[in-house]
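Visitor:
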Amino acid sequence: MGTLQPTRRRVPSVFAVILSACVFAPAFAVVVDCGEEHYVSGTHRLPTHEEAMAQCREHETAMTQTGAWRSVRSCYDVAPPGEHGPWMHGRIGVDVVASAGGDPMTFEALWMCKPTAEREMDGPAFD
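Using this note's numbering, the final residue of the sequence shown is 151, and nothing's skipped along the way.
Take a look at the structure:
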């Protein structure tokens, strides 16, 4: 019985480490290597992933510096990137809470770009 005590004490600490890793680590890692070409539709030009992330950080800083918002989760990729022909696209979000009422909000921005490297194709190749 004396040897089980240390194990019982370690189980909660191991569980806490695993739980915190699951909660605070992103569900997926997004690696987007965009070229300089931008997707343009009419007069609207979408930013690349890097540009959208930088804009998100600027907006987050501006919102939290005034004191009107508190940051809950800094800029992050909302979902894995999608594809539209040769273009990759996605959404970047930032989670904040209104200081006055405590209402949680998520602000999102779109991005789209052509990757610089060729991606591997899924499935069989056909001639």
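Glycine included, every Cβ here is placed at the ideal spot set by N, Cα and C. In this text the structure is predicted, and so the values were computed from the model without any measurement.
Compute the beta-carbon to beta-carbon distance between Met112 and Pro104, rounded to the nearest angstrom, for a pair I have assumed lies under 8 angstroms.
Guide: Taking the sequence shown and counting its residues from 1, one reaches residue 112 at position 88. Taking the sequence shown and counting its residues from 1, one reaches residue 104 at position 80. Going by Cβ atoms, the distance from Met112 to Pro104 rounds to 10 angstroms, so no, they are not a contact pair.
Visitor: Which residues bound the alpha helix (DSSP H) around Ala92?
Guide: As a first step, residue 92 must be located in the sequence shown, where it is residue number 68. Run containing Ala92: none; DSSP gives neither H nor E here.
Visitor: Just curious, the beta strand (DSSP E) that Asp119 is in, first and last residue?
Guide: Numbered from 1 along the sequence shown, position 95 holds the residue referred to as residue 119. Per DSSP, Asp119 belongs to the beta strand (DSSP E) from Trp111 to Ala122.
Visitor: What's the gap between the Cα of Arg69 and the Cα of Tyr63?
Guide: Residue numbering aside, residue 69 sits at position 45 when the sequence shown is read from its first letter. Residue numbering aside, residue 63 sits at position 39 when the sequence shown is read from its first letter. Separation of Arg69 and Tyr63 (C-alpha to C-alpha, rounded to the nearest whole angstrom) is 6 angstroms.
Visitor: Note the first and the last residue of the continuous beta strand (DSSP E) segment covering Thr130.
Guide: For the purposes of this step, residue 130 is taken as the residue at position 106 of the sequence shown. Residues Pro128 to Pro139.
Visitor: Taking the alpha-carbon positions, what's the Lys138 to His108 distance?
Guide: On the sequence shown, position 114 is the one that residue 138 refers to. On the sequence shown, position 84 is the one that residue 108 refers to. Computed Cα separation, rounded: 10 angstroms.
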